[in-house]
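Each residue of the sequence shown is one higher than the one before, starting from 57 at the first, in our numbering.
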Amino acid sequence: MTDALHPLAAERPALPRGRRLPLPLLVLPAVLFVLAVYVWPTLGLFRTAFNEVGPTGAMVETWSLQTAREVFADSFTAELTLNSLWLSLVATALALALSYPVALFLFRTRSRFRGLLAVVAIMPMLVSGVVRIFGWLAILGDRGLVNGIAQGLGLISTPMRLVFNWTGVTIGLAESIMPYMILALLAGFGRLDRTLEEAARSLGATPLRCFLRVTLPLSLPAIALAAGLGFVLSMSSYITPRLMGGGRIFVLATEIYEQATTNTNWPVAAVLAIYTLVLLLALAVVARLAARRLQR
């Protein structure tokens, strides 16, 4: 209808439009928070990496690459890097092998207890890492649950060494990253389609062949995402290698803590921290590129 048919329409006051804040003002609080909490401390870390330690052990403020040269010239740094990479790789592979069936079951189940089961799967995230480690020490110790059952069944005569070594650290680290990997897998299972599996089964494919040819390829992006997340978390973990290793396992995270607290050598700790940060960023980029390539 036109305004001629409604003579009172011209007398209606125009509705006031809500004032919209510009986009920069909307994101300003988040930007300030990131700058204060992440960027500023990181810049301070970079600044500390250029300092040196004097003969008395005191830090000398300067602009020098001498500390970085000494750190990277030391063969112990290469050993720490290889230890960290190998531990993260093994722990991530173990956690992925255990997390994938759990996540796939949670994704497919139609049970009314699905939400409860999901909460149970990620419940370790709600418990302190220190508490979980002491729980593993009680389970895997010389007089723990595993050795007690094995000795009671006559499988072993002497306790197995499952703590304060690489075995214990790998088990504890894999368990600590499993909840995060389950969430990552659930988030990446969006491409799974049950109709494709049903079509493969109707064409005569066995359950194993259907999984290998249909389910697994479609879930590769989710696997890449979860593996990248688990690897990064493993590389940056300190509590598990420190407590489960009993001071006998040396990785980048434990060495950074040792240099910053026990030796009070902040420049060396800053160099190692920046080195670890660069490694983590590179690994995150590789994982992201792999996930995108698999998704295509």
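Glycine included, every Cβ here is placed at the ideal spot set by N, Cα and C.
Spatial neighbours of residue i in its chain, beta-carbon cut-off 6 Å, leaving aside the 5 residues before and after
i      : result
Gly110 : Val116
Gly302 : Phe220
Ala326 : Leu101, Thr104, Ala105
Leu172 : none
Gly197 : Val219
Arg217 : none
Val183 : none
Leu71  : Its pLDDT being 45, under 50, Leu71 is placed unreliably by the model, and the measurement read from it follows with that caveat. Around Leu71: no qualifying Cβ.
Pro215 : Asp198, Asn203
Arg247 : Leu274
Ser167 : none
Cβ distance (whole Å) where residue i is taken to contact residue j below 8 Å
i      : j      : result
Ser290 : Met234 : Wrong, their Cβ atoms sit about 11 Å apart, outside the cutoff.
Ile312 : Leu328 : 5 Å
Thr332 : Leu308 : 5 Å
Beta bridge counterpart(s) of residue i as assigned by DSSP
i      : result
Val175 : Answer by DSSP bridge pairing: none, since Val175 is not bridged.
Glu108 : Val116
Proximity of residue i and residue j at Cβ, strictly below 8 Å
i      : j      : result
Ser140 : Gly185 : no
Leu239 : Ala147 : no
Leu150 : Ala282 : no
Arg269 : Ala261 : yes
Thr318 : Tyr294 : no
Leu339 : Phe287 : yes
Ala365 : Gly284 : Because residue 365 is not part of the residues shown, which for the chain are 57 to 352, the question remains open.
Trp222 : Ile330 : no
Glu254 : Thr271 : no
Close Cβ partners of residue i (< 7 Å) along its chain, the five nearest in sequence each way excluded
i      : result
Glu108 : Val116, Thr118, Ser120, Gln122, Thr123, Pro323
Asn321 : Val109, Gln315
Leu435 : Outside the displayed span of the chain (57 to 352) sits residue 435, for which this structure offers no information.
Thr137 : Leu308
Thr40  : Only positions 57 to 352 of the chain appear in this structure, which leaves residue 40 out of reach.
Other residues of its chain near residue i: CB distance less than 8 Å, five sequence neighbours each side excluded
i      : result
Phe245 : Ala159, Leu160, Phe163, Ser275, Ala278
Ile195 : Leu201, Val202
Pro180 : Arg188, Glu231, Ser232, Met234, Pro235
Thr296 : Gly185, Ile189, Val225, Gly228, Leu229, Ser232
Leu56  : The requested residue 56 is not part of the displayed model; the chain covers only 57 to 352.
Thr58  : A caution first: Thr58 carries a pLDDT of 48, below 50, which makes its placement in the model unreliable, though a value can still be read off. Correct list: empty, nothing qualifies.
Ser403 : Beyond the ends of the chain as shown, which are 57 and 352, falls residue 403; an answer cannot be given.
Thr165 : Leu173
Cys266 : Glu253, Ala256, Arg257
Glu135 : Phe306
Ser292 : Ala309, Thr332, Leu336
Status (buried if at least 16 other CB within 10 Å, exposed otherwise) for residue i
i      : result
Leu345 : exposed
Thr98  : exposed
Leu299 : buried
Leu211 : exposed
Ala177 : buried
Ser258 : exposed
Leu143 : buried
Leu209 : exposed
Leu241 : buried
Ala6   : Here the chain has residues from 57 to 352 only, and residue 6 is not among them.
Val175 : exposed
Residue i beta carbon near the ligand FAD (any heavy atom closer than 7 Å)
i      : result
Ala147 : Because no ligand of any kind appears in the structure shown, any question about the ligand FAD cannot be addressed here.
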